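Here is the structure we will look at, set down as structure tokens.
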Amino acid sequence: MSTVLVIGAGGVSSVCVHKMAMNADIFGDIHLASRTKSKCDAIAASVKERTGQSISTYEIDAEEVPAMINLIRQVKPSLVVNLALPYQDLPIMDACLEAGVDYLDTANYEPKDEARFEYHWQWAYHDRFKQAGIMALLGSGFDPGVTSVFTMWLKKHKLKTIRQLDILDCNGGDHGQAFATNFNPEINIREVTAPARHWENGEWVETPALDKRVEFDFEAVGQKNMYMMYHEELESLAKFNPELERARFWMTFGDEYIKHLTVLQNVGMTGIEPIRYQGKEIIPLQFLAAVLPKPESLGETTKGNTNIGVIATGEALDGSGEKTFYINNICSHEAAYEETGNQAVSYTTGVPAMIGSTMVVTGKWAGDGVFNMEEMDPDPFMEMLNEHGLPWQVKELGGPVDF
Ligand code: NDP
1 MSTVLVIGAG
11 GVSSVCVHKM
21 AMNADIFGDI
31 HLASRTKSKC
41 DAIAASVKER
51 TGQSISTYEI
61 DAEEVPAMIN
71 LIRQVKPSLV
81 VNLALPYQDL
91 PIMDACLEAG
101 VDYLDTANYE
111 PKDEARFEYH
121 WQWAYHDRFK
131 QAGIMALLGS
141 GFDPGVTSVF
151 TMWLKKHKLK
161 TIRQLDILDC
171 NGGDHGQAFA
181 TNFNPEINIR
191 EVTAPARHWE
201 NGEWVETPAL
211 DKRVEFDFEA
221 VGQKNMYMMY
231 HEELESLAKF
241 NPELERARFW
251 MTFGDEYIKH
261 LTVLQNVGMT
271 GIEPIRYQGK
281 EIIPLQFLAA
291 VLPKPESLGE
301 TTKGNTNIGV
311 IATGEALDGS
321 GEKTFYINNI
331 CSHEAAYEET
341 GNQAVSYTTG
351 VPAMIGSTMV
361 VTGKWAGDGV
371 FNMEEMDPDP
381 FMEMLNEHGL
391 PWQVKELGGP
401 VDF
């Protein structure tokens, strides 16, 4: 039984902590710390009611490294699970290094003043983690996370090499609001409004944000417009699969979402440069995030399914020529809410965070240094997806995608 310290108390954290408590044989002692302690207490109360497990809660500003080190030394966890925001990745990694404890997150570091989702800041910690004899597992959510594991499972069991890869992220859920985001609005809008980037013939190709749109028929959702955009797992997938000729990421957005986002962008509300307002500096996007519905408040009203998966084309392992496979998970917003009190976008991220944590604390995935999901054996993780609420399916398609 392990002691874990989870940082952050949003929707993703709520799901992960509920799922950890449901697996008390692995996570015997759960500690939860965040900037607003009352949010930790609300999660602890729900966990107690649903599972009977007690968890300890703390207030912490994770950007205060000495305070984080003290908390880690007090709790003595074998793993720190970072489910706060990407801005806190580096300070939490610094604290883990100092305290000599393993680290896990679900999103790569992003500086506050620049919307760049890149791994190099965290990869630069590899030697220090290695010397300290501790492990950092990066990106253990759904995307990044499961999408990378899906790809590596296909490469282990179906395809010798992957020539073309498309990640399709569909949220077919309806939350009944005119405009809302299903995870942290600031991070979500920074991601969606950034230029699109995909990997082609050994280099990144940049195109304007939301410029390329394709209609796709998603099982359990129906026809949806999906837009090509940059997503952080493309970087690690391209690094660990050097044979890839092309890798792209697609996300669905409804017309209403696009309409609202376009207006907000046109009037400057999505900007991340500070402006002066009534003698005070504010960042328009942070102000916008403050007035939008909180993602954790959408659970009760969201209906429908998510369908996230990977289509990969490459040379079949069995020597039968080129093959294309589609591997995906369908998750119901209502079922996710019923089980944990959170909608499926938080669920599909929080469950893989719990599974990644299991891999680390049980030693099924081990190593000294900083690792991406692509570097680990996909099989035990894939087994746990099936057992813990995110079952997957794989099917062969007639040929490569034609979009
Ligand atoms: P929320 O905004 O709901 O929650 C973030 C939490 O972090 C809040 O409780 C917040 O506290 C806390 N926090 C923020 N700053 C600090 C700080 N300095 N110190 C301590 N705690 C802090 O976000 P989500 O739950 O939606 O997302 C959590 C993470 O998961 C994000 O990094 C997001 O990018 C990632 N994610 C990954 C996905 C994947 O598939 N890989 C998909 C979706 C999300 P407060 O309440 O006080 O603001």
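Using the UniProt record's numbering, the first residue of the sequence shown is number 1, and each one after it goes up by one.
For each residue, glycine too, the CB sits at the ideal point set by N, CA and C.
Quick caveat, the model's predicted, so the values are computed rather than measured.
Apart from the five residues on each side of it in sequence, which residues of its chain come closer than 6 angstroms, Cβ to Cβ, to residue i?
i	result
HIS18	VAL47 and THR340
PHE183	PRO295 and VAL345
THR147	ILE167, GLU233 and VAL310
ASP102	LEU79, ILE134, MET135 and VAL360
HIS126	GLY369 and VAL370
Do you know offhand how far residue i's Cα is from residue j's?
i	j	result
LEU159	MET1	37 angstroms
HIS388	ILE275	45 angstroms
PRO86	LYS224	29 angstroms
LEU390	ASN329	6 angstroms
ALA366	GLN393	27 angstroms
ILE282	MET354	35 angstroms
GLU257	THR270	It should be noted that the sequence gives Tyr, not Glu, for residue 257. Looking at the two C-alpha atoms, the distance is approximately 14 angstroms.
ASN372	SER236	7 angstroms
ILE30	MET20	8 angstroms
GLU287	ASN82	It is Phe, not Glu, that sits at residue 287 in the sequence shown. Their Cα atoms are separated by approximately 24 angstroms.
HIS333	GLY172	9 angstroms
ILE26	MET359	10 angstroms
ASN386	PRO352	11 angstroms
GLY268	MET229	21 angstroms
ALA99	ARG73	7 angstroms
PRO77	ASP402	48 angstroms
residue 409	GLY145	In the structure displayed, the chain extends from 1 to 403; residue 409 sits before or after that span and is not available.
GLU300	GLU338	9 angstroms
ASP211	THR51	46 angstroms
LYS395	CYS40	41 angstroms
GLY279	GLU273	16 angstroms
HIS120	ARG163	25 angstroms
ASN202	PHE249	The question names Asn, yet the displayed sequence has Gly at residue 202. The straight-line gap from Cα to Cα measures roughly 16 angstroms.
SER357	THR57	19 angstroms
THR36	ILE43	12 angstroms
By the DSSP assignment, the beta strand (DSSP E) with residue i in it spans what residues?
i	result
VAL267	Element bounds for VAL267: n/a, residue is neither H nor E.
PHE249	246–252
LYS130	Not the beta strand (DSSP E): LYS130 falls in the alpha helix (DSSP H), residues 126–132.
GLU49	Careful: GLU49 lies outside any beta strand (DSSP E), inside the alpha helix (DSSP H) at 37–51.
LEU5	3–7
residue 405	Nothing about residue 405 can be read from this structure; the chain reaches only from 1 to 403.
ILE69	Taken as a continuous stretch (DSSP letters only), ILE69 belongs to no beta strand (DSSP E), being part of the alpha helix (DSSP H) at 65–75.
PHE150	Counting along the chain, PHE150 falls outside any beta strand (DSSP E), though it belongs to the alpha helix (DSSP H) covering 146–157.
TYR337	Element bounds for TYR337: not the beta strand (DSSP E) but the alpha helix (DSSP H), 333–340.
PHE371	369–372
Quick one: what's got a C-beta closer than 7 angstroms to residue i's C-beta in the same chain, skipping five residues either side?
i	result
PRO378	VAL149, MET152, TRP153 and LYS156
GLU375	PHE240
ASN188	THR181
TRP199	LEU234, ALA238, LEU244, ARG246 and ALA247
PHE216	LEU168, LYS224 and MET226
ALA62	ILE7, MET68, ALA84, GLN88, PRO91 and ILE92
ALA95	VAL65, MET68, ILE69 and ILE72
LEU264	THR270 and LEU288
If you measure from the CB of residue i, is any heavy atom of ligand 3 nearer than 7 angstroms?
i	result
GLU63	Ligand 3 is absent from the structure shown, which contains only ligand 1.
For the alpha helix (DSSP H) holding residue i, just list the boundary residues, first then last.
i	result
TYR87	Per DSSP, TYR87 belongs to no alpha helix (DSSP H) and is neither H nor E.
LEU237	233–240
SER13	11–22
LEU385	378–387
ILE355	344–362
ALA178	First-last for ALA178: undefined, no H or E at that position.
VAL401	That residue, VAL401, is in no alpha helix (DSSP H); it is neither H nor E in DSSP.
TRP123	120–123
Please name the residue or residues paired with residue i in a DSSP beta bridge.
i	result
ILE311	ASP166 and TYR326
GLU206	ARG197
TYR257	Partner(s): none; TYR257 has no beta bridge.
GLN223	ASP217
ILE57	Residue identity check: residue 57 is Thr in the sequence provided, not Ile. Paired residue(s): LEU32.
ILE275	ILE282
LEU104	VAL81 and LEU137
ALA99	Per DSSP, none; premise fails for ALA99.
TRP392	ASN329
ALA316	LEU159
ASP174	LYS303
Identify, in the order they occur along the chain, each residue of the same chain with its Cβ nearer than 8 angstroms to the Cβ of residue i, setting aside the five sequence neighbours on each side.
i	result
LEU298	HIS175, GLN177, ALA180, ASN182 and GLN343
ALA220	GLY172, ASN305, ASN307 and ILE330
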